[in-house]
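K.L.:
A single structure is presented below for examination.
Numbering (our numbering), first residue to last: 3 to 407.
Right, dumping it as structure tokens:
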């Protein structure tokens, strides 16, 4: 909108988000208390569904994979906001200064596992849906809020399912992963690569009679380390990387020469890098090191909390929303209108469901979320309460700006 009404509406939205801080943060604390590793999110999913119902969503459903989908509005244009509900484990409890599942409030922050990654996002989204309805911000559109599952184990699986099975067909999805209140328009992709080398087993007292597979992978690992230095760079996304993160072997005994050894590569993909190019680079590096090996990507095969298994290759493509995309301009207006300052544009270092939304399926995606990504997965994880309120206001304002063009 180019008239003064946009500023007035933004101020009203921000004020209403501030008024809803108390129930919004109470909801966030409940979500922190609802533990849920990947595949164990049922309690959190059902808690989100209850809150959606309580604040007046028009439709709430739980799909067969276990994602909770809530709708406000009924217009023809479809937008979505996403937050994953699973978390990583707490790690060593001794490193925490508080109970990771109590949602302690101190110094204007909520502490706990999942506070920033990323239950603050779903809390802001749900209350944004309430504001959209209250202030009449849904003309011509419908907005779906998705609390999704299994992201920590398999980025994008939830949205690969939603889009592949035609559960939703949005023109834009906003990821509410932490961005430090910046608008993120992309991320590096990633893939999980396994390298397997064969040897020949024999008794450990006579190693000359066999071929030690561990010895054979040593030059392969060095070759991968050198490959990392040669990978492409990108001025926006940063450099592609590869690093070995696990080594294993198959041996009949600790007194036997291993017959097989393998290692895992965490490969981060920058602009222009693909599954095919990344595999070819690894194969060429091994060939140059005179190592014969099998190189392949892994497949995720775990059951959701509903019991459904939906396999997915562990290839998560790079994605970038164009600098001149109308959704990015709308997001900038939504932020300046509610926060009273210009938005910063950035990108994520870590991975998000955007790898499936835009990377695999080509649906436009951008990100905006409370808190800093550097705090994710750490002991004493936290999110600033003020960030949650600011994010809520942004989410509530965005559909109206998207409709304005």
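A virtual CB, placed ideally from N, CA and C, is assigned to each residue, including glycine.
With three or more beta-carbon pairs closer than 8 Å as the criterion, would you say the stretch 166-174 touches the stretch 77-97?
P.N.:
yes
K.L.:
Excluding sequence positions up to five away, which residues of its chain have a Cβ less than 7 Å from the Cβ of residue 14?
P.N.:
137
K.L.:
Are there three or more Cβ pairs, one per stretch, closer than 8 Å when the stretch 221-237 is compared with the stretch 278-289?
P.N.:
With the cut-off at 8 Å, the stretch 221-237 and the stretch 278-289 touch.
K.L.:
Can you tell me the Cα-Cα spacing of residue 51 and residue 215, whole angstroms?
P.N.:
52 Å
K.L.:
Expressed to the nearest angstrom, what Euclidean distance is found between the alpha-carbon atoms of residue 304 and residue 315?
P.N.:
12 Å
K.L.:
Please classify residue 120: is it buried, with 16 or more other beta-carbons within 10 angstroms of its beta-carbon, or exposed?
P.N.:
buried
K.L.:
Per DSSP, what are the beta-bridge partners of residue 299 in this structure?
P.N.:
195
K.L.:
Once the 5 residues before and after residue 164 are set aside, which same chain residues still bring their CB inside 6 Å of it?
P.N.:
170
K.L.:
With DSSP collapsed to three states, give me the class of residue 98.
P.N.:
coil
K.L.:
Using the Cβ count rule (16 or more neighbours within 10 Å means buried), how would you classify residue 351?
P.N.:
exposed
K.L.:
For the beta strand (DSSP E) that residue 189 lies in, which residues bound it at each end?
P.N.:
Annotation for residue 189: the continuous beta strand (DSSP E) segment containing it runs 185-189.
K.L.:
CA-CA distance, residue 343 and residue 248?
P.N.:
45 Å
K.L.:
Going by the beta-carbon positions, is the gap between residue 151 and residue 72 smaller than 7 Å?
P.N.:
Between residue 151 and residue 72, the gap from beta carbon to beta carbon reaches 7 Å or more.
K.L.:
Use the C-beta contact count for residue 17: other C-beta atoms within 10 angstroms, 16 or more gives buried, fewer gives exposed.
P.N.:
exposed
K.L.:
Within a Cβ cutoff of 7 Å, which residues of the same chain sit near residue 97, ignoring the five residues on either side of it in sequence?
P.N.:
381
K.L.:
Residue 144: buried (16+ other C-beta within 10 angstroms of its C-beta) or exposed?
P.N.:
buried
K.L.:
Note down, one range per segment and in chain order, each beta strand (DSSP E) of at least 3 residues found wholly within the stretch 42-86.
P.N.:
Runs of the beta strand (DSSP E) inside the stretch 42-86: 61-64, 70-75 and 79-86.
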